[in-house]
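In the working numbering, the protein residues as written are 33 to 400. Have a look at the structure below before the remarks.
Following this line, the structure appears as structure tokens:
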């Protein structure tokens, strides 16, 4: 499946930088910075400014509530290359760089910084949410978002003209910052060659998006299953218990199966006695599946994924406790959240073309 998101109120380069001529702060007009202050998708203030003028910096700070140090850092980082560049200042106080006279207004680092700045739960020193391939300073105009950067997804993204692919899971099958262990092995070598040849940038967004409120992985999964009344959750907001009208384990399992079928999963696994009565299902975040801590909070059935659940360690134990288990594939439990990420990026950055891709291989079942 391929879904494209594009804001109906597009911000076009020409519209963004129709700046007032006004007073020049420097004798050389070639060195003017053009700044537009944007709220949502509406440009309501534009200025022609020069970065070396203290008055200009004060104007930016007053208009956008940026800290003085933030503006100083941005201007200092420009150096000689900053001459003639344009900046788009958004109402969320982030500044994106764009080339004078056209092009896009941001790069991968800008998007990463935007997301990290809104995810205080992420430890920047150890997070796996880093750039895995490509130039993070390359300007981007088209982005593909998918649960996993499979070759199918990457090829579609490249053929569609995307500059950046945002993935939730590893590109090279290793949960680390650099994902090095398998890059030099089959099929990592061919994937690495493809990325180097195309220049496609890969950014992982995992730690950021898992507990993101309302539209992140866990909350999207729960809402997609029709679970609305949350009664308990862990401190990290990875797992939670919900209340539903009492039903049987088999009826609840059929409900889950019906919900996930459009996602490409045709069969789910269930552990427990079909007529067990349940009313408090617990769900998790991908491999962070609910366990004893949520059972202690009242869960009587846990919805888990294949990558994060052990039969001998937890499944049989839960059975002896009278707790039902419903199992789906890892990707199935996170696809709604990743589609929400694509929609969020499109709404937040209307100048970007954002496409959601879900071409990762699914398990299929055979009965004897």
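The beta-carbon is built from N, C-alpha and C at its ideal position, and this holds for glycine as well. Please read all numbers here as calculations on a predicted model, not as lab measurements.
Neighbourhood of residue i by C-beta, 8 Å cutoff - its chain only, sequence neighbours within 5 removed
i, result
"residue 154", "148, 161, 239, 240"
"residue 207", "160"
"residue 291", "256, 257, 258"
"residue 353", "327"
"residue 397", "298, 299"
"residue 243", "153, 249, 250, 268, 269, 270, 317"
"residue 156", "148"
"residue 35", "371, 374, 387, 388"
Close Cβ partners of residue i (< 6 Å) along its chain, the five nearest in sequence each way excluded
i, result
"residue 169", "139"
"residue 277", "none"
"residue 371", "388"
"residue 377", "386"
"residue 308", "281, 356"
"residue 202", "211"
Cβ-based neighbour list, residue i, same chain, cut-off 7 Å, excluding 5 preceding and 5 following
i, result
"residue 365", "253, 318, 337"
"residue 112", "Because the pLDDT at residue 112 is just 39, under 50, the model does not fix this residue reliably, and the point stays unresolved."
"residue 245", "251"
"residue 230", "190"
"residue 306", "280, 281, 282"
Assumed close pair residue i, residue j - CB separation to whole angstroms, cut-off 8 Å
i, j, result
"residue 185", "residue 204", "Actually they are not in contact, since the Cβ atoms of residue 185 and residue 204 sit about 14 Å apart, beyond 8 Å."
"residue 401", "residue 347", "Within the shown structure, residues of the chain are numbered from 33 to 400, placing residue 401 beyond reach of any answer."
"residue 199", "residue 236", "5 Å"
"residue 264", "residue 330", "7 Å"
Best match in the options for proximity to residue i [C-alpha to C-alpha]
i, options, result
"residue 392", "362, 350, 311", "362"
"residue 266", "213, 311, 325", "325"
"residue 274", "312, 242, 268", "312"
"residue 189", "263, 323, 234, 262", "234"
"residue 470", "171, 322, 230, 295", "An answer regarding residue 470 cannot be provided, because it is not within the stretch 33 to 400 covered by the chain."
"residue 281", "367, 242, 296, 302", "302"
"residue 150", "396, 380, 260", "380"
"residue 177", "395, 390, 158", "390"
"residue 360", "287, 230, 158, 344", "287"
"residue 220", "201, 183, 158", "183"
"residue 293", "344, 146, 213, 395", "395"
Distance CB(residue i)-CB(residue j) smaller than 8 Å
i, j, result
"residue 272", "residue 333", "no"
"residue 300", "residue 289", "yes"
"residue 29", "residue 211", "Residue 29 is absent from the structure shown; the chain starts at 33 and stops at 400."
"residue 384", "residue 173", "yes"
"residue 232", "residue 194", "yes"
"residue 279", "residue 247", "no"
"residue 180", "residue 295", "no"
"residue 351", "residue 400", "no"
"residue 209", "residue 215", "no"
Which ranges does the beta strand (DSSP E) cover as unbroken runs of at least 3 residues, wholly within the segment 300-383, from first to last along the chain?
Correct list: 301-303, 313-315, 333-337, 356-360.
Inside the segment 219-255 only - alpha helix (DSSP H) runs reaching at least 4 residues
Listed in chain order, the alpha helix (DSSP H) runs fully inside the segment 219-255 are 220-230, counting runs of at least 4 residues.
At 3 residues or longer, and completely inside the segment 194-223: list those beta strand (DSSP E) runs for me, N to C.
List check, beta strand (DSSP E) in window: 196-199.
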